[in-house]
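To keep things clear, I will list the structure first and then write my remarks on it.
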Amino acid sequence: MSPSGGPALPAALSAGSVPSGSVPASPVSPSAGAHQSNGLLHDADHDHAADADRNADDKGFEVLLITGMSGAGRSRAANCVEDMGWYVVDNLPPKLLIPLVDMMTSSGSKVHRLAAVIDVRSRSYFNDLSAVLSHLDDLDVKTRILFLDASDAVLIKRYESVRRPHPLQHGNRLIDGIREERELLTSLKKHADTVIDTSALSIHQLSTKLYEAMLGSGPSTVAVHIFSFGFKYGIPLDADFVADVRFLPNPFWVPALRDLTGRDGPVRDYVLSSQGATEFLDAYERTILVAIDGYSREDKHFVTIAVGCTGGQHRSVAIGEALASRLRSQGLSVTVSARELRRRDHG
């Protein structure tokens, strides 16, 4: 996504923006002027994405407009919404929203939920947005407005921390630009379905508030991907955990097992019955579950575990599959792949 113009949520709220030091979160407030015809946004949590895709045709096309004060966290909100499964377009002029919706609804696109970060910086933009909302209502497109706000003092602190001018500052004082934007957005805020004041929110608190506002609750679990690999082909760079199972006896040296893989029963039985295999799985499962619990609290919802042996054909595959089975029994969403088996299948 392209930058949306203002500084993202600093401190806790944006990587490398403003120092942290968050205080208790302020509530999410539904606006009294919210569109009554707009339904609740549907599941985009990783666990519910499949259900949402299956039901998308029945529920119709949905549009979420992300707007609000510059520096209040629009970009961070967009990232979070994208993680929920929405197709996100950043910094979109209001006039382009209708053609984009028309294209997505008429081209057989599988995209049924569009989130657009709208930056209303002039009277003409605001008038364009009003016309767009009216047109979307005429098309029976479900539309919801998410408005991000923050106090003047917090916005000033955030802008000063990143040393950037406010988009409406025009060479004047920073507070002048903030006040002009606030006055310009007053009507839009009144018509927003959800207003979130980010003044006292950390990055994780904002994410939680967004999940609660849009899904009714925070993400229920952490999605786990386990993949096996061979150390001889290089250690993966994108793993949160790397497990080395070369301490187990290698089926490669058993002639009857050499041409099989860890997905085959004889190899799986050989590996899992080896001394130390069960003890390793017991200990590693406990370690992963402790880490996942902490990741969930820290708003990390995707974890990658790499399991390696020498060639990535036998031990790592069997252990990876066994670990996946154990984690699934704990209620986690787990996918599995085998890097070197793909290499083998494709010659």
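Here my numbering runs 667 ahead of the position in the sequence shown, where the first position is 1.
The C-beta atom is built at its ideal place from N, Cα and C for all residues, glycine as well.
Bear in mind the structure is a predicted one, so any value in this text is a computation, not a measurement.
Same chain only: Cβ atoms within 8 Å of residue i, ignoring 5 sequence neighbours per side
i, result
"His802", "Ile765"
"Arg913", "Phe898, Gly975, Cys976, Thr977, Arg982"
"Tyr951", "Ala910, Leu990"
"Asn917", "Cys976, Thr977, His981, Arg982"
"Leu841", "Ile823, Tyr826, Glu827, Pro832, His833"
"Leu1008", "Ser895, Thr928, Arg930, Gly979, Gln980, Val984"
"Leu855", "Thr734, Val787, Phe793, Leu796, Ile812, Phe814"
Span separating the alpha-carbon of residue i from that of residue j
i, j, result
"Gly961", "Lys967", "9 Å"
"Asp786", "His833", "13 Å"
"Asn794", "Pro761", "9 Å"
"Ser992", "Ala944", "15 Å"
"Ala719", "Gly979", "Per-residue confidence for Ala719 stands at a pLDDT of 41, beneath the threshold of 50, marking its modelled position as unreliable; the derived number appears in the next sentence. Spanning the two alpha carbons is a distance of roughly 36 Å."
"Asp714", "Tyr826", "For Asp714, the predicted structure reports a pLDDT of 43, less than 50, and the residue's modelled location is therefore unreliable. The matter cannot be settled from this model."
"Ile870", "Arg964", "12 Å"
"Asp819", "Gly929", "60 Å"
"Ser665", "Pro922", "Any property of residue 665 remains undetermined from this structure, which presents the chain solely from 668 to 1014."
"Met770", "Val755", "15 Å"
"Ser797", "Ser791", "10 Å"
"Glu879", "Asp807", "25 Å"
"Leu852", "Ile902", "51 Å"
"Val821", "Asp949", "48 Å"
"Lys777", "Phe919", "45 Å"
Collapsed DSSP secondary structure at residue i in the structure displayed
i, result
"Thr1002", "strand"
"His837", "coil"
"Arg935", "helix"
"Gly979", "coil"
"Ala817", "coil"
"Arg780", "strand"
"Gly740", "coil"
"Val862", "strand"
"Asp757", "coil"
"Phe898", "helix"
"Asp911", "strand"
"Phe969", "strand"
"Asp844", "It is Gly, not Asp, that sits at residue 844 in the sequence shown. In the structure shown, Gly844 sits in a helix (DSSP, three-state: H, G or I)."
"Arg930", "coil"
"Ile986", "helix"
"Gly735", "strand"
"Arg993", "helix"
"Ala880", "helix"
"Arg964", "helix"
Residue j beta carbon less than 8 Å from that of residue i
i, j, result
"Ile733", "Val784", "yes"
"Ala906", "Ala973", "yes"
"Arg830", "Leu731", "no"
"Ala817", "Asp864", "yes"
"Leu927", "Pro933", "yes"
"Lys824", "Gly727", "no"
"Gly752", "Leu873", "no"
"Cys747", "Leu877", "yes"
"Arg935", "Ala985", "yes"
"Asp744", "Asp757", "Residue identity check: residue 744 is Ala in the sequence provided, not Asp. Taking 8 Å as the Cβ cut-off, Ala744 and Asp757 do not qualify as a contacting pair."
"Phe908", "Ile959", "no"
Close-in-space but distant-in-sequence residues of the same chain around residue i (CB under 7 Å, 5 per side omitted)
i, result
"Gln836", "Asp843, Gly844"
"Val1001", "Val891, Ile893, Ala991, Leu994, Arg995"
"Arg1006", "Phe894, Ser895, Phe896, Gly979"
"Leu915", "Val938, Ser941, Gly943, Ala944, Arg982"
"Thr772", "Phe728"
Cβ separation of residue i and residue j, assumed to be a contact under 8 Å, to the nearest whole Å
i, j, result
"Phe814", "Thr861", "7 Å"
"Leu781", "Val799", "Contact doesn't hold; Cβ gap of about 12 Å is too wide."
Contacts around residue i, its chain only, beta-carbon distance under 6 Å, and the 5 residues preceding and following it disregarded
i, result
"Gly706", "Annotation note: pLDDT 30 at Gly706 (below 50); position unreliable, coordinate value reported separately. Counting only Cβ-Cβ distances below 6 Å, and skipping sequence neighbours, we find Lys809."
"Phe969", "Ala890"
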